[in-house]
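Q:
Number of protein chains: 2
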Amino acid sequence: MKIGEVAARTGLTAQAIRYYEREGLLPRANRTHTGYRLYGPETLSRLAFIKQARQLGLSLEEIRRVLDMSDSGRAPCGQVRALLAGKLEHLDRTIAELVTLRDQLRRFLSKIAGMPDQADTSGHICRLIQVAAAVPPGAAGARPGR
Amino acid sequence: MKIGEVAARTGLTAQAIRYYEREGLLPRANRTHTGYRLYGPETLSRLAFIKQARQLGLSLEEIRRVLDMSDSGRAPCGQVRALLAGKLEHLDRTIAELVTLRDQLRRFLSKIAGMPDQADTSGHICRLIQVAAAVPPGAAGARPGR
DNA sequence: TTGAACCTTATAGTCGCTGTAAGGTTCATC
DNA sequence: GATGAACCTTACAGCGACTATAAGGTTCAA
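Each protein sequence line maps, in turn, to chains A and B. The opening position of the first sequence corresponds to residue 1 in this note's numbering, with each subsequent residue numbered one higher. The opening position of the second sequence corresponds to residue 1001 in this note's numbering, with each subsequent residue numbered one higher.
1) Using a beta-carbon distance cut-off of less than 9 Å, what residues from the stretch 104-115 of chain A approach chain B?
2) Is A/R102 close to chain B? Criterion is C-beta to C-beta, closer than 8 Å.
3) Grab me the residues of A/L56's own chain with a C-beta within less than 7 Å of its C-beta, minus the 5 sequence neighbours each way, in chain order.
4) Does DSSP put B/R1037 in a helix, in a strand, or in coil?
5) Evaluate A/Y184 with the Cβ neighbour count: other Cβ atoms within 10 Å of its Cβ, from every protein chain shown; 16 or more gives buried, anything less gives exposed.
6) With 8 Å as the threshold, decide whether the Cβ of A/T34 is near any Cβ in chain B.
7) To be precise: take each residue of the stretch 71-89 of chain A, compare its Cβ to all Cβ atoms of chain B, and keep it if any distance is under 7 Å. Which residues remain?
8) Closer than 6 Å by C-beta to B/R1046: which residues in its own chain qualify, once you throw out the five before and the five after it? Chain order, please.
9) Applying the criterion that 16 or more other CB atoms from any shown protein chain within 10 Å of the CB defines a buried residue, is B/R1107 buried or exposed?
10) Would DSSP call A/R74 helix, strand or coil?
11) Please name the residue, chosen from A/E62, A/D103, A/T100 and A/M1, that lies closest to A/R31 on a Cα-to-Cα basis.
12) Alpha carbon to alpha carbon, how far is A/Q52 from B/L1105?
13) According to DSSP, is B/A1142 part of a helix, a strand, or is it coil?
14) Name the chain A residues whose beta carbon is nearer than 9 Å to that of B/V1012?
15) Using a C-beta cutoff of 8 Å, does B/L1056 count as contacting chain A?
16) Of all the options B/L1091, B/R1102, B/L1101 and B/E1097, which has the alpha carbon lying nearest to the alpha carbon of A/L98?
17) Going along chain A, which residues have a C-beta under 8 Å from B/L1091?
18) Any contact of the stretch 9-24 of chain A with the stretch 60-76 of chain A, i.e. 3+ C-beta pairs under 8 Å?
19) Comparing alpha-carbon positions, which option in A/A48, A/H33 and A/R28 lies nearest A/Y39?
20) For A/V28, which of helix, strand or coil comes out of DSSP?
21) Over the uninterrupted alpha helix (DSSP H) stretch that includes A/L56, give me the two end residues.
22) Excluding five sequence neighbours on each side, which residues of the same chain lie with their C-beta closer than 8 Å to the C-beta of B/A1048?
23) Taking B/T1043 as the reference, give the member of B/R1102, B/A1113, B/R1074 and B/Y1020 with the closest Cα.
24) Would you kindly check if the distance between the Cβ of B/R1081 and the Cβ of A/I112 is under 8 Å?
25) In whole angstroms, what is the alpha-carbon distance linking B/G1078 and B/R1054?
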């Protein structure tokens, strides 16, 4: 299989696959005599694992460590469990933070719902923004989506 | 006030404040004769607004637009409301995604809870990882925290 | 006058890619 | 055999919102 087919089958881009190779998550691929990468079917399950692990919130570095252990014959299962348990905890905290943030944002929006939409002539930021600056910070911070 | 004091008072870093200036969120600061930036107290509330807006999930570009309108005398209040309403919607979607992801992760963890912690001798990735690769992808993706 | 603590600019790095440029290969069609 | 589309290659720049580092200047108290 050439990289385009692997990309199509895994739902990744060819560039992402090359990136994973550069970052050491995939072994260096065999090449045709003209330099094209050639993959066997085992690459598909390896990439499926990488994709799944990314979706579960592991960084490429964490995934690389797990794969390295697996490749060297040491059992990564315990490490995977520990990593995922940590991710779960982190996810719980993140969700709690975002819910707090959402509530804060909702309160703020209803607070300003009736405010007049006029510029501040005093040369400062309009009252709305002054209110905004006065609202005490709550959650740790939003992560605007991708 | 020099930048260090502004940083201490706002809870930002001096580098972040210089970055905001470079990005046009702060006017270019006055300088001492030796080149140190000097700030008046109005900078504190402007930075408090920026910080608050960041925590509410606005990008620096969005904040800059609001501040530009405010600075030029046009009322940004309507725009702020629209921005925040959009952010609230986005936040709702993000939370829903993360909750889905958490459930998926929990299911996966209980699924592998009893698996033996041993290496796979067949040269492939251990069974745990094969299970992982087989789990159908659910939520759109995790955003590992900062 | 020494030294610590502050300040300056410029540049590179973070993460996980995506986009672009500039070129080579493969294969079907004319 | 020529053309063109669709594929492949490497290398490098860019994203957002900073952080880190280097290499140097300033301030102030001991």
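Backbone N, C-alpha and C fix where the C-beta goes; we use that ideal spot for every residue, glycine too. Note that the structure is a prediction, hence the values are computed from the model and not measured.
A: In this structure, then:
1) The stretch 104-115 of chain A vs chain B, Cβ under 9 Å: Q104, L105, R106, F108, L109, I112, A113 and M115.
2) Locating residue 102 of chain A in the first sequence gives position 102, where the first residue counts as 1. So, interface residue.
3) For this step, residue 56 of chain A is matched to residue 56 along the first sequence. Closer than 7 Å at Cβ, skipping near neighbours: L84 and K87.
4) Residue mapping note: residue 1037 of chain B aligns to position 37 of the second sequence, counting from 1. Three-state DSSP puts B/R1037 in a strand.
5) This structure cannot settle anything about residue 184 of chain A, because the visible part of chain A is limited to 1 through 146.
6) Counted from its first residue, the first sequence places residue 34 of chain A at position 34. It does not: the Cβ of A/T34 has no partner Cβ on chain B nearer than 8 Å.
7) Correct list: G73, R74, A75, P76, C77, G78, V80, R81, L84, A85, K87 and L88.
8) As a position in the second sequence, residue 1046 of chain B is number 46, starting the count at 1. There are no such residues.
9) Counting from 1 along the second sequence, the entry for residue 1107 of chain B is found at position 107. B/R1107 comes out exposed.
10) Here residue 74 of chain A corresponds to residue number 74 of the first sequence, with the count starting at 1. Looking at A/R74 - three-state DSSP - the assignment turns out to be coil, as it is neither helix nor strand.
11) For the purposes of this step, residue 31 of chain A is identified with residue 31 of the first sequence, where counting begins at 1. Out of A/E62, A/D103, A/T100 and A/M1, A/M1 has the C-alpha closest to the C-alpha of A/R31.
12) Within the first sequence, the letter at position 52 stands for residue 52 of chain A. Within the second sequence, the letter at position 105 stands for residue 1105 of chain B. Using only the alpha carbons, I get a separation of about 11 Å.
13) As a working mapping, residue 1142 of chain B is identified with position 142 in the second sequence. Only weak support exists for where B/A1142 lies, its pLDDT of 36 falling under 50; the value from the coordinates is given anyway. Reduced to three states, the DSSP call for B/A1142 is coil.
14) As a working mapping, residue 1012 of chain B is identified with position 12 in the second sequence. Just to set this straight, residue 1012 of chain B is Leu in the shown sequence, not Val. Ordered by position in chain A, no residue passes the 9 Å Cβ test against B/L1012, which lies about 12 Å from the chain.
15) Sequence index remark: in the second sequence, residue 1056 of chain B carries index 56 (1-based). The beta carbon of B/L1056 sits closer than 8 Å to some beta carbon of chain A.
16) On the first sequence, position 98 is the one that residue 98 of chain A refers to. When only C-alpha atoms are compared, the closest one is B/L1091.
17) Along the second sequence, read from residue 1 onward, the residue named residue 1091 of chain B stands at position 91. Correct list: L98, L101, R102, L105 and A142.
18) yes
19) Sequence index remark: in the first sequence, residue 39 of chain A carries index 39 (1-based). For the residues A/A48, A/H33 and A/R28, the minimum Cα distance to A/Y39 belongs to A/R28.
20) Translated into the one-based positions of the first sequence, residue 28 of chain A becomes position 28. In the sequence as presented, Val is not what sits at residue 28 of chain A; that position holds Arg. A/R28 falls in the coil class under three-state DSSP.
21) Your numbering for residue 56 of chain A matches position 56 in the first sequence. Note, A/L56: premise wrong, no alpha helix (DSSP H); not H, not E.
22) Residue mapping note: residue 1048 of chain B aligns to position 48 of the second sequence, counting from 1. Cβ within range, chain order: T1010.
23) By one-based count along the second sequence, residue 1043 of chain B stands at place 43. Looking at the Cα atoms, B/Y1020 is the closest of the given residues.
24) Counting from 1 along the first sequence, the entry for residue 112 of chain A is found at position 112. Counting from 1 along the second sequence, the entry for residue 1081 of chain B is found at position 81. Yes.
25) Locating residue 1078 of chain B in the second sequence gives position 78, counting from the first residue. Locating residue 1054 of chain B in the second sequence gives position 54, counting from the first residue. Computed Cα separation, rounded: 18 Å.
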